[in-house]
Every structure is written in structure tokens, then in C-alpha cells.
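Asker: Numbering (the working numbering), first residue to last: -1 to 435. Note that CB positions come from ideal geometry on N, CA and C, so glycine has one too. Everything numeric in this text was worked out from a predicted model, so none of it was measured.
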């Protein structure tokens, strides 16, 4: 399942952004583990944070500075800087002051992110020594993109990036050209043509890390979204919060919510469009692009679940409310019994119904339909709440594909939601048993 994606040669960052990733030997020798995101111009910023009551020092630091315009984010892998007390907080301040001096910017315009082992202090001597090299390597080329996206990884098996470009319009969507860095395919998504545009293009690009400790009440991961659009801070935060609820909050690998999780979006305005200040057609277009980027990254995190062999997508349709659909889908992909059944290619649909029943989302158990689907076909398992006879061999063949879809029609409303997860394999135990080694 873990096919390493190739970086698109024509993948590019939004205007005005640069990245770098270097080897600082924070935990492991000879691996990229320190990354930088930099904008030439100060950015409007927005963020969402882990809901774990134990929060890393970088979370506390970022919450206190996210209201500022932001120039840079520094990310380290190998050490979470969580449960590190006053020293951990002081290390955040030391880090930003050193980086600000080297970049000639205000330290209050820098955010931090850390990922790795909880309880260890940051090796500040190594980080401070590495900062000049980190800055020297910043660039917008494909090598810098590749290095930065790898520098934020821990147990991930491949970097996760995605970018999309839109043309702004005063009335309706015009065109959207997307670049999928995972599947190495260019696609063009046409939308309603219009005759009146402001002739400006904007780009949204993101990178994320996440493989284990994934069960978000926000986003159990690190996610960084960059855009050159001009938009107010208030609308940027509103769009991010709404999109995260439908994307990163709808994934689960192992049921654990981390201490360090965050998603941050930076908008530097270098697309030179008229600043988006209201929820007009351009705001809707931006939010649509943001959702596409976040959905793609969320699915890749689920696909890269530690030890996973299957990506699992659960789609609930015709629900009475969005909350009902989200709760049901999330309960299914979070069930260890469902995960192990998928690993075993076993159409044990009773586990799915069980998860729906304990989700606390009420539904009519006499009306729903349930289907298993994949590239190998589809099979109806339950119709109008009643089990259907089905061919076990056919079901096993369908569940042998890398991507499995569980389709549930509640036949009771107009709302739809999706959630993404993975199976639970023997390798998950092996990986996490040796995590600190």
C-alpha cells in the first residue's frame, strides 16, 4: 500500500513563499528533521489546535502569537517539546529569537511546530547551530519543497503535499487547475464559465505529516497551508475552522489524539487580488480550494496509517443532519473491530452496525442500506435494515483492493459526510512498540 509518491516537476508554491529542510540530527543521524516555511511578505494567519488537555510548548506559544501577521514557521521532527515545563517554553522563545535575528524579522512573527517523542527537551545546541544553514537553503524550487515535506516526517512513509490554482471571478467559478503530487497527475476541473473576472490567479498549497497517534478533535497531525490570496484574517480563520471540521477531523488511524497537533494557514496577498472581505463568490471559491487541499492531505494521512494495508472511506448519505452523518462515519472508521475486519478482508458488517449503534447518533435501523465497494466491484450487504444474502468470495475480492469504501444510505434526509481511516495490522504494534528505540 505504501507506494511512495513522486513530486510533480511542475508543482510550485504560491507566490512569495520559500521552504527549506535540513539535517540537524535532532534525534536520528543523517535524516532531514528541521524545516522552514518563509514568506517574503507578512501573512494573515489562522490556526486550529489539538483538543488534548496536555499541550506541547509550541501550541501554547503559537496560540499567543497567531493574532500577529506571520513571516515564518520553523518545524522540528524527533522531539515533541511536550511535558517539558518552563524549560520547554523558554526553548520556544530562544528558537524564535535566533531565527528572527537571522531572518531580520520580528520574533513575534514566527510560529513553531514540533513532532516526535514526548518528554524530551529540544536539543537547542543542534537547532541553534542549524538555523544559518536552514535559512541558506530556503528556496521555492522542487528540491526545497521535497526537503521541507520530508523534514517534518516521523513514522510517515512518504511526504504529503498538494497544490491547486484558481482564477478569481466576481460572479462564479471559472477554472480550477489542480496538481496532485501524490498520484503524479494533472487534472483540470471546469466550473461555470463567466464573462466577468478580475483576471487574478491564486494558489493554495499544503503539506502535512501524520501516520500514527491519529484521531483528531481538530487534526491529529501537523498541517501547513500556504496561499497567495488576499483575504481578511477573520474570514481566513472561519474558512479554516469550517473546512477542518469536514476533513482533518474526519480521519482516524488509532484513536489517539496527540499533544502537538495543529493546522496553520498563511495568506500573504501576493496574488494581488482585491482583498476578500465578505462571503462573496471569491470567498466561496477560496474555501472550495482550501477544502480540496485539506481533503487530499487528510486522505493521505489515513492512507499512510502506521502499518496500514488499506485506505478506508466511509460515506454516509441522506442523513438528517451534517452532525449525524459525521458522527456515524467517524464512529465506523474509529472502530478497532471494523479496522481488523478490513485488514482480514472479512465482510463482517455486524461490526459496522455496532459502531453506528454506540455512536450516540440516532438513526432508523430499519431504513438504511449498506454497500461494500472498491475498484474490484460493489456488493449490497444490508437493504432497508435487513441483511442480504451475499457471495463471501466476491466480498473478499472487493475487500482485497487497496482502497475500500463503505457506503451507507440512511434514506432519511439530505445531508452527506465522509470519513477516512485505515485497517489495523500486525505492523502497527511493531512500529509503536519500538517508537522510542
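Quick check on DSSP: helix, strand or coil for residue 26?
Answerer: As a position in the chain shown, residue 26 is number 28, starting the count at 1. If DSSP states are grouped into helix, strand and coil, residue 26 belongs with coil.
Asker: Please name the residue in 237, 250, 231 and 230 whose C-alpha comes closest to that of residue 208.
Answerer: Here residue 208 refers to the residue found at position 210 when the chain shown is read from its first residue. For the residues 237, 250, 231 and 230, the minimum Cα distance to residue 208 belongs to 250.
Asker: What is the DSSP secondary structure of residue 357, counted as helix, strand or coil?
Answerer: To locate residue 357, count along the chain shown from 1; it is residue 359. The answer is coil: DSSP assigns residue 357 none of H, G, I, E or B.
Asker: Which residue's Cα is closest to the Cα of residue 153: 270, 101, 100 and 77?
Answerer: In the chain shown, residue 153 corresponds to position 155, counting from 1. Closest option to residue 153, judged by alpha-carbon separation, among 270, 101, 100 and 77: 77.
Asker: Rounded to the nearest angstrom, what separates residue 282 and residue 233 at their Cα positions?
Answerer: To locate residue 282, count along the chain shown from 1; it is residue 284. To locate residue 233, count along the chain shown from 1; it is residue 235. Within the model, the alpha-carbon separation for residue 282 versus residue 233 is close to 11 Å.
Asker: Go to residue 315, then tell me how far its alpha helix (DSSP H) extends in each direction, as first and last residue.
Answerer: Taking the first residue of the chain shown as position 1, residue 315 is located at position 317. Unbroken run through residue 315 is the beta strand (DSSP E), 309 to 317; no alpha helix (DSSP H).
Asker: Out of curiosity, what's the CA-to-CA distance linking residue 118 and residue 79?
Answerer: Numbered from its first residue, the chain shown carries residue 118 at position 120. Numbered from its first residue, the chain shown carries residue 79 at position 81. Each residue's alpha carbon lies about 6 Å from the other.
Asker: Is it buried or exposed for residue 387, if we count other Cβ within 10 angstroms and need 16 for buried?
Answerer: For the purposes of this step, residue 387 is taken as the residue at position 389 of the chain shown. Exposed is the call here.
Asker: Count the other C-beta atoms from every protein chain shown that fall within 10 angstroms of the C-beta of residue 179, then say buried if there are 16 or more, exposed otherwise.
Answerer: By 1-based counting over the chain shown, the position of residue 179 is 181. Interpretation of residue 179 is limited by its pLDDT of 42, a score under 50 that renders its predicted location unreliable; the figure taken from the coordinates is listed afterwards. Result: buried.
Asker: Chain C beta carbons: is any one of them nearer than 7 Å to that of residue 166?
Answerer: Chain labels in this structure do not include chain C; a single protein chain is all it has.
Asker: Taking the Cβ atom as the reference point for each residue, do residue 265 and residue 229 lie within a distance shorter than 7 Å?
Answerer: Translated into positions along the chain shown, residue 265 becomes position 267. Translated into positions along the chain shown, residue 229 becomes position 231. Contact: yes.
Asker: Is the Cβ-Cβ distance between residue 349 and residue 359 less than 7 Å?
Answerer: Position 351 of the chain shown holds residue 349. Position 361 of the chain shown holds residue 359. Not a contact, by the Cβ cut-off of 7 Å.
Asker: Hey, quick one: how far does the alpha helix (DSSP H) through residue 320 stretch, first residue to last?
Answerer: For the purposes of this step, residue 320 is taken as residue 322 along the chain shown, with counting starting at 1. Looking at the DSSP string, the run of the alpha helix (DSSP H) that includes residue 320 is 320 to 332.
Asker: On the premise that residue 366 lies in contact with residue 406, defined as a C-beta separation below 8 Å, what is that separation, rounded to the nearest angstrom?
Answerer: Counting from one through the chain shown, the residue named residue 406 turns up at place 408. Counting from one through the chain shown, the residue named residue 366 turns up at place 368. Contact between residue 406 and residue 366 is confirmed by a C-beta separation of about 6 Å, below the 8 Å threshold.
Asker: Does DSSP put residue 428 in a helix, a strand or coil?
Answerer: Numbered from 1 along the chain shown, position 430 holds the residue referred to as residue 428. In this structure, residue 428 counts as helix in the three-state DSSP scheme.
Asker: What does the alpha-carbon distance come out to for the pair residue 11 and residue 202?
Answerer: For the purposes of this step, residue 11 is taken as residue 13 along the chain shown, with counting starting at 1. For the purposes of this step, residue 202 is taken as residue 204 along the chain shown, with counting starting at 1. Linking residue 11 to residue 202 through their CA atoms gives a straight-line distance of about 8 Å.
Asker: Where does residue 401 fall in DSSP's three states?
Answerer: In the chain shown, the residue the question calls residue 401 occupies position 403. If DSSP states are grouped into helix, strand and coil, residue 401 belongs with the strands.
Asker: Assign residue 214 to one of three DSSP states: helix, strand, or coil.
Answerer: As a working note, residue 214 is residue 216 in the chain shown. Because residue 214 sits at a pLDDT of 48, beneath the cut-off of 50, its placement in the model cannot be relied upon, and the point is left open.
Asker: Rounded to whole angstroms, what's the CA-CA distance from residue 26 to residue 124? Just pull it up for me.
Answerer: Counted from its first residue, the chain shown places residue 26 at position 28. Counted from its first residue, the chain shown places residue 124 at position 126. Approximately 12 Å, taken between the alpha carbons.
Asker: Can you give me the C-alpha to C-alpha distance between residue 417 and residue 99, rounded to a whole angstrom?
Answerer: The residue labelled residue 417 in the question sits at position 419 within the chain shown. The residue labelled residue 99 in the question sits at position 101 within the chain shown. Going by the C-alpha atoms only, they are around 43 Å apart.
Asker: Comparing alpha-carbon positions, which option in 236, 17 and 355 lies nearest residue 139?
Answerer: As a working note, residue 139 is residue 141 in the chain shown. That would be 17, whose Cα lies nearest to the Cα of residue 139.
Asker: Name the two residues that bound the continuous alpha helix (DSSP H) containing residue 74.
Answerer: Residue 74 sits at position 76 when you count from the first residue of the chain shown. Segment 68 to 77 is the beta strand (DSSP E) holding residue 74; no alpha helix (DSSP H) there.
Asker: Judging by CA-CA distance, which residue of 51, 44, 54 and 75 is the nearest neighbour of residue 65?
Answerer: On the chain shown, position 67 is the one that residue 65 refers to. With distances taken between Cα atoms, residue 65 lies closest to 44.
Asker: Please report the straight-line C-alpha distance between residue 161 and residue 33, rounded to a whole angstrom.
Answerer: For the purposes of this step, residue 161 is taken as residue 163 along the chain shown, with counting starting at 1. For the purposes of this step, residue 33 is taken as residue 35 along the chain shown, with counting starting at 1. Taking the straight line joining both Cα atoms gives about 19 Å.
Asker: Between residue 184 and residue 148, what straight-line distance do the alpha-carbon atoms span, to the nearest angstrom?
Answerer: Position 186 of the chain shown, counted from the first residue, corresponds to residue 184. Position 150 of the chain shown, counted from the first residue, corresponds to residue 148. Note that residue 184 has pLDDT 33, beneath the 50 cutoff, so the model's placement of it is unreliable and no number is given.
Asker: How long is the line joining the alpha carbons of residue 316 and residue 306, rounded to whole angstroms?
Answerer: Residue 316 sits at position 318 when you count from the first residue of the chain shown. Residue 306 sits at position 308 when you count from the first residue of the chain shown. Each residue's Cα considered, the two are about 30 Å apart.
Asker: Check for me: the alpha helix (DSSP H) holding residue 38 runs from which residue to which?
Answerer: For the purposes of this step, residue 38 is taken as the residue at position 40 of the chain shown. Note, residue 38: premise wrong, no alpha helix (DSSP H); beta strand (DSSP E) at 32 to 47.
Asker: Have a look at residue 392 and residue 58 and give me their C-alpha separation to the nearest angstrom.
Answerer: Along the chain shown, one-based indexing puts residue 392 at 394. Along the chain shown, one-based indexing puts residue 58 at 60. Looking at the two C-alpha atoms, the distance is approximately 51 Å.
Asker: Rounded to the nearest angstrom, how far is the Cβ of residue 69 from that of residue 101, given a contact under 8 Å?
Answerer: For this step, residue 69 is matched to residue 71 along the chain shown. For this step, residue 101 is matched to residue 103 along the chain shown. About 7 Å; that satisfies the 8 Å criterion.
Asker: Less than 8 Å between the CB atoms is what I'm expecting for residue 116 and residue 81, so what's the real figure, rounded?
Answerer: Position 118 of the chain shown, counted from the start, is the residue given in the question as residue 116. Position 83 of the chain shown, counted from the start, is the residue given in the question as residue 81. Residue 116 to residue 81, Cβ: 6 Å. Contact.
Asker: Pull up the distance between the alpha-carbon of residue 409 and that of residue 322, whole angstroms please.
Answerer: Here residue 409 refers to the residue found at position 411 when the chain shown is read from its first residue. Here residue 322 refers to the residue found at position 324 when the chain shown is read from its first residue. Each residue's alpha carbon lies about 13 Å from the other.
Asker: According to DSSP, residue 418 sits in a beta bridge with which residue or residues?
Answerer: Within the chain shown, numbered from 1, the residue matching residue 418 stands at position 420. Beta-bridge pairing links residue 418 to 249 and 311.
Asker: For a test of the three-state rule: what should DSSP assign to residue 14, helix, strand or coil?
Answerer: For the purposes of this step, residue 14 is identified with residue 16 of the chain shown, where counting begins at 1. Correct three-state label for residue 14: coil.
Asker: In terms of residue numbering, what span does the beta strand (DSSP E) encompassing residue 50 cover?
Answerer: The residue labelled residue 50 in the question sits at position 52 within the chain shown. No beta strand (DSSP E) contains residue 50, which DSSP labels as neither H nor E.
Asker: Can you tell which of 370, 19, 327 and 111 has its C-alpha closest to the C-alpha of residue 259?
Answerer: The sequence position of residue 259 within the chain shown is 261, counting from 1. Distances from the alpha-carbon of residue 259 to those of 370, 19, 327 and 111 put 111 closest.
Asker: Tell me the start and end of each unbroken beta strand (DSSP E) in the stretch 104 to 157 that is at least 3 residues and wholly inside, in chain order.
Answerer: Listed in chain order, they are 108 to 115.
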